[in-house]
Amino acid sequence: MKKVAIVMGSDSDLPVVEKATSILKDFGVPYEVHVYSAHRTPEEAREFSVNARENGFGAIIAAAGMAAHLAGAIAANTTLPVVGIPVKSSTLDGLDALLSTVQMPSGIPVATVAINGAANAALLCIEILSVYEEELAIKLKAFRDKATSVVLEKNSKIEAQFNNAN
Ligand code: RP5
C-alpha cells in the first residue's frame with residue numbers, strides 16, 4: 005500500500021496533526037510525519053516533495069498556520085494529490101492560513117479542508133488510496149455506517165425526550 009506523508013510547518017502544529025495520525029493508524033494506512041517549512045526550510049520541503057512519489061507515497065497532507073504556503077509549495081513540486089490543513093494560530097483565527105492554503109492558482113491544486121480539519125484530511129487521503137485498495141473501501145463504508153448509527157441513536161434519544169409527551 006502507498007504511504008501517506010504528513011508534513012507540518014512546525015512541531016507546534018502537532019496537536020492538530022495528531023487527529024490525522026490517529027485516523028490513519030485506525031485504518032491501518034502506513035504514514036510518515038515530517039517538519040518542513042515553506043519559509044524556514046524551503047530546500048528541504050522541495051527535496052521531500054520532488055522525491056515523494058518514488059519514495060512510496062500516494063498522497064501528502066500539508067499542515068501549516070499563519071501565511072501558510074506549505075501545501076502550495078509542496079504541490080508545486082509533485083503531481084501527487086496534496087491535502088492542505090490550514091492551522092489556526094493565535095491571531096486571525098486561522099483565516100490567514102485558510103486563504104493562503106485554499107487560493108491556489110489554476111494548474112496546481114491543493115484540496116483544502118476546514119481550519120484544523122485534520123480528520124477530514126486523513127479521510128480524504130484514505131479515500132484517494134481506496135481507489136486501488138479494496139480493503140480501505142470496505143473500512144470507509146464501515147466508518148460511515150458507524151457514524152450513521154451514532155446519529156440515529158442520538159435522534160432516538162432526542163425524539164423520546166421531546167416528542168412522546170405531545
Ligand atoms: C507556520 O507558522 C507553522 O506551520 C505554524 O503553524 C506557525 C508557527 O510556527 P512556530 O513559530 O510555532 O514554529 O509556519
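The number in our numbering is simply the position in the sequence shown, starting from 1, with 4 added.
Even for Gly, the Cβ is constructed at its ideal location relative to N, Cα and C.
- Query: Just curious, the alpha helix (DSSP H) that GLY76 is in, first and last residue?
  - Reply: Sequence index remark: in the sequence shown, residue 76 carries index 72 (1-based). That run of the alpha helix (DSSP H) goes 74-79.
- In this structure, does DSSP put GLU22 in helix, strand or coil? In the sequence shown, residue 22 corresponds to position 18, counting from 1. Reduced to three states, the DSSP call for GLU22 is helix.
- Item | Whole-angstrom distance between ASN168 and ASP17, CA atom to CA atom | Along the sequence shown, one-based indexing puts residue 17 at 13. Along the sequence shown, one-based indexing puts residue 168 at 164. Their Cα atoms are separated by approximately 47 Å.
- Message: For GLY32 and GLU137, I'd like the C-alpha separation in whole angstroms.
- Response: Taking the first residue of the sequence shown as 1, we reach residue 32 at position 28. Taking the first residue of the sequence shown as 1, we reach residue 137 at position 133. Each residue's alpha carbon lies about 12 Å from the other.
- Message: Ignoring anything shorter than 4 residues, give me the alpha helix (DSSP H) runs that lie fully in the stretch 103-162, in order along the chain.
- Response: 122-134
- Message: Can you check which of these residues, PHE147, THR105, ASN120 and GLY98, is closest to VAL86 by C-alpha distance?
- Response: Taking the first residue of the sequence shown as position 1, residue 86 is located at position 82. Residue THR105 is the option with its Cα nearest to VAL86.
- Would you call ASN120 buried or exposed, if buried means 16 or more other Cβ atoms sit within 10 Å of its Cβ? Reading the sequence shown from its first residue, position 116 is the one you call residue 120. The residue in question, ASN120, is buried, as its Cβ has 16 or more Cβ neighbours within 10 Å.
- Query: Do GLY88 and the ligand RP5 come close, with the Cβ less than 7 Å from some heavy atom?
  - Reply: Here residue 88 refers to the residue found at position 84 of the sequence shown. The answer is no for GLY88.
- Item | Cβ pair count under 8 Å reaching 3, the stretch 125-132 against the stretch 22-37 | yes
- Is there a Cβ from chain E that is less than 8 Å from the Cβ of GLU137? Among the protein chains of the structure shown there is no chain E, as only one such chain exists.
- Spatially closest choice to ASP15 from ASN59, MET5 and SER93, by CA coordinates: For this step, residue 15 is matched to residue 11 along the sequence shown. Nearest of ASN59, MET5 and SER93 to ASP15, Cα basis: SER93.
- Item | Residue range of the beta strand (DSSP E) that includes PHE61 | For the purposes of this step, residue 61 is taken as the residue at position 57 of the sequence shown. Looking at the DSSP string, the run of the beta strand (DSSP E) that includes PHE61 is 61-69.
- Same chain only: Cβ atoms within 6 Å of GLY62, ignoring 5 sequence neighbours per side: Locating residue 62 in the sequence shown gives position 58, counting from the first residue. Result list for GLY62: LYS6 and LEU133, in chain order.
- Message: Given the structure, does MET5 come close to the ligand RP5, in the sense that its CB is under 7 Å from one of the ligand's heavy atoms?
- Response: Translated into the one-based positions of the sequence shown, residue 5 becomes position 1. For the ligand RP5, not one heavy atom lies less than 7 Å from the Cβ of MET5.
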